[in-house]
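Engineer: Plus 4 on top of the position in the sequence shown (first one is 1) and you've got this note's numbering.
Beta carbons: idealized from backbone N, C-alpha and C, even for Gly.
Only a predicted model underlies this, so the values are computations on that prediction, with no experimental measurement involved.
Got a structure for you, written out below as structure tokens; questions coming shortly.
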Amino acid sequence: MPATTDARATTTTVGPEPTGVPGIDDPNAFCAAWARYSGSLQAIGVAVAFGDLTSLDVARLEVIGAAALTDAVNGIGSRWPAELVGERSIVLAGVVGPYARRAEKALAALVAAGATEDDLAELRLAWLDALRYRDPAMPVIDVPGVPARLGNLIEAAARAFDEGVTPFAQDPSLAASAGDTPATDAYLATTCPDLASSGVGDAI
Numbered sequence: 005m006p007a008t009t010d011a012r013a014t015t016t017t018v019g020p021e022p023t024g025v026p027g028i029d030d031p032n033a034f035c036a037a038w039a040r041y042s043g044s045l046q047a048i049g050v051a052v053a054f055g056d057l058t059s060l061d062v063a064r065l066e067v068i069g070a071a072a073l074t075d076a077v078n079g080i081g082s083r084w085p086a087e088l089v090g091e092r093s094i095v096l097a098g099v100v101g102p103y104a105r106r107a108e109k110a111l112a113a114l115v116a117a118g119a120t121e122d123d124l125a126e127l128r129l130a131w132l133d134a135l136r137y138r139d140p141a142m143p144v145i146d147v148p149g150v151p152a153r154l155g156n157l158i159e160a161a162a163r164a165f166d167e168g169v170t171p172f173a174q175d176p177s178l179a180a181s182a183g184d185t186p187a188t189d190a191y192l193a194t195t196c197p198d199l200a201s202s203g204v205g206d207a208i
């Protein structure tokens with residue numbers, strides 16, 4: 005009788021590629037805040053680099069993500085580990101600061117266009133859900149949870165932001181060197197494993 009092979013013993017099942025930004029729901033609040041911050045920047049940066057978007061398109065993304073990004077930055081500052089106190093001002097002012105200031109301007113544009121606190125809360129949740137399920141193969145993040153009723157408001161805010169703020173790709177403050185933060189780099193790499201798996205902590 006010829007030899008037979010049990011297919012069940014030789015077949016390997018390969019799971020789907022992981023999707024979403026790792027770490028945004030980390031029980032460590034500092035790690036979660038950093039994941040939301042870095043995941044937002046990555047989503048916008050990839051869209052700028054590979055999405056073939058106009059400056060208005062990018063401004064629209066920044067406006068939609070502004071509430072979540074500013075919350076993330078505030079979370080980083082409020083949950084700053086005591087052992088890293090010597091690098092706190094460098095990171096918050098020089099590393100996080102330039103992106104935080106852009107997000108604050110985008111948030112101000114939303115408020116000027118008529119956004120309420122409830123509207124901002126809805127946008128915050130929509131952006132975080134988009135990060136959770138972001139497909140890394142798609143250059144432009146999809147944010148399906150944005151309420152349709154906010155469409156005109158978002159458009160008005162994006163146009164004002166686009167006209168009043170240097171485009172993301174040309175903003176010189178985003179390319180400025182903030183200085184070395186070796187303790188923070190090491191902390192992120194060892195304490196926030198999901199961040200380390202996505203490259204955060206190698207050098208911030």
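Less than 9 Å separating the beta-carbons of cysteine 35 and threonine 195?
Structural biologist: Closer than 9 Å, so yes.
Engineer: Going by alpha carbons, who is nearest to serine 42 out of Pro85, Pro197, Val100?
Structural biologist: Among Pro85, Pro197, Val100, the Cα nearest to that of serine 42 belongs to Val100.
Engineer: Under the three-state reduction of DSSP, which class applies to leucine 57: helix, strand or coil?
Structural biologist: Correct three-state label for leucine 57: coil.
Engineer: Mapping DSSP to helix, strand and coil, what is asparagine 32?
Structural biologist: It is coil, neither helix nor strand.
Engineer: Kindly indicate which three-state DSSP category isoleucine 80 falls into: helix, strand or coil?
Structural biologist: Helix at isoleucine 80.
Engineer: Going by the CB atoms, is the gap between valine 169 and isoleucine 158 shorter than 9 Å?
Structural biologist: Against a cut-off of 9 Å, the Cβ pair of valine 169 and isoleucine 158 comes out as no contact.
Engineer: For valine 95, collect the residues of the same chain with a Cβ closer than 6 Å to its Cβ; drop the 5 residues on either side in sequence, then sort them by chain order.
Structural biologist: Excluding residues within five positions, the ones whose Cβ falls inside 6 Å are Thr185, Thr188.
Engineer: Using the beta-carbon count (16 or more within 10 Å), is alanine 11 buried or exposed?
Structural biologist: Any reading at alanine 11 is ruled out, since the residue's pLDDT is 31, under 50, leaving its predicted position unreliable.
Engineer: Using a threshold of 9 Å, state whether the C-beta atoms of leucine 127 and alanine 173 are closer than that.
Structural biologist: Contact: no.
Engineer: Suppose the cutoff is 7 Å on Cβ atoms and the five residues either side in sequence are ignored; what does the same chain contact list for aspartate 30 look like?
Structural biologist: So the qualifying residues of the chain are Ala36, Ala39, Cys196, Asp198.
Engineer: Within its chain, find whatever has a CB closer than 7 Å to the CB of alanine 51; leave out the 5 residues flanking it on each side and keep chain order.
Structural biologist: Result list for alanine 51: Leu57, Val62, Leu65, Pro143, Val144, Ile145, in chain order.
Engineer: Would you report the Cα separation of tryptophan 84 and arginine 153, rounded to the nearest angstrom?
Structural biologist: C-alpha separation (whole angstroms): 37 Å.
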